[in-house]
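> Take 0 as the starting number for the sequence shown in numbering that gives the first Met the number 0 and just add one per residue. Even glycine gets a Cβ: it sits at the ideal position worked out from N, Cα and C.
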Amino acid sequence: MTTKREEVLSALFTLLQGIGGGTIVQRNEALPERIPAAGLLILRDGTPGEAEVTLSPLRYHWQHRAEVEVFVRGSSGLELAFDALAERIGHAIAADRTLGGLCDWIETDAPEPADLAVEGAPTIRAAVLILTLHYTSNDPLG
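What follows is the structure, given as C-alpha cells:
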C-alpha cells in the first residue's frame, strides 16, 4: 500500500509524461550531461511541509511543494522553445488540477527562466516550476 503523498506524486509524474513533443520526463534523477533536443523535465518530490490538522475525523491537510526543473537547449529560438514547453505543462495541469481526484488542487508559480552558457555547447534555458499540491491524508506520514 502506498501513501497518499506517493499516489499524488506518481499521478503528477504520469501527467507530466503525457505532455508529448518528445520531451523526456524524469523523477528525482541527476541532471544528465546532455539535454535532449525536445527538452527535459525533472520532477523533484519536494516537501509536504507541515500539515494542518483537523479532528473528528482526524485528517492531515497538506500543501506539498514539488518542483519541476525545466530545460531546453538550442542555438536559436530558445525563448519560443521554452515558452512552448511551459505552455504544454500548463495545459496538462489545467486539464486535470485534481489528478483524477487524488488531489484537491494544484497551484503553479510562474517560472523564472535563466540562460545557462556552456562552453562549446548550445545555450540551455532552465527554470524551476514550483507546484503546490493540496491534498488530505489520514496519516501524518503522508
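1) Would residue 145 and residue 7 qualify as a contact pair, given that the criterion is a beta-carbon distance under 8 Å?
2) For residue 136, which residues does DSSP report across the bridge?
3) With the cut-off set at 8 Å, would you say residue 115 and residue 126 are in Cβ contact?
4) Measure the Cβ-Cβ separation of residue 11 and residue 69 and say whether it is below 8 Å.
5) Reducing DSSP to helix, strand and coil, say where residue 127 ends up.
6) Excluding the five sequence neighbours on either side, which residues of its own chain have a C-beta within less than 7 Å of the C-beta of residue 111, listed in chain order?
Once the coordinates are examined:
1) Beyond the ends of the chain as shown, which are 0 and 141, falls residue 145; an answer cannot be given.
2) Locating residue 136 in the sequence shown gives position 137, counting from the first residue. The partner list for residue 136 (beta bridge, DSSP) reads 59.
3) Locating residue 115 in the sequence shown gives position 116, counting from the first residue. Locating residue 126 in the sequence shown gives position 127, counting from the first residue. No; because the gap between Cβ atoms is not below 8 Å, this pair is not in contact.
4) Position 12 of the sequence shown holds residue 11. Position 70 of the sequence shown holds residue 69. Their beta carbons are not under 8 Å apart, which means residue 11 does not touch residue 69 by this criterion.
5) Residue 127 sits at position 128 when you count from the first residue of the sequence shown. Strand, per DSSP.
6) Along the sequence shown, read from residue 1 onward, the residue named residue 111 stands at position 112. Correct list, in chain order: 126.
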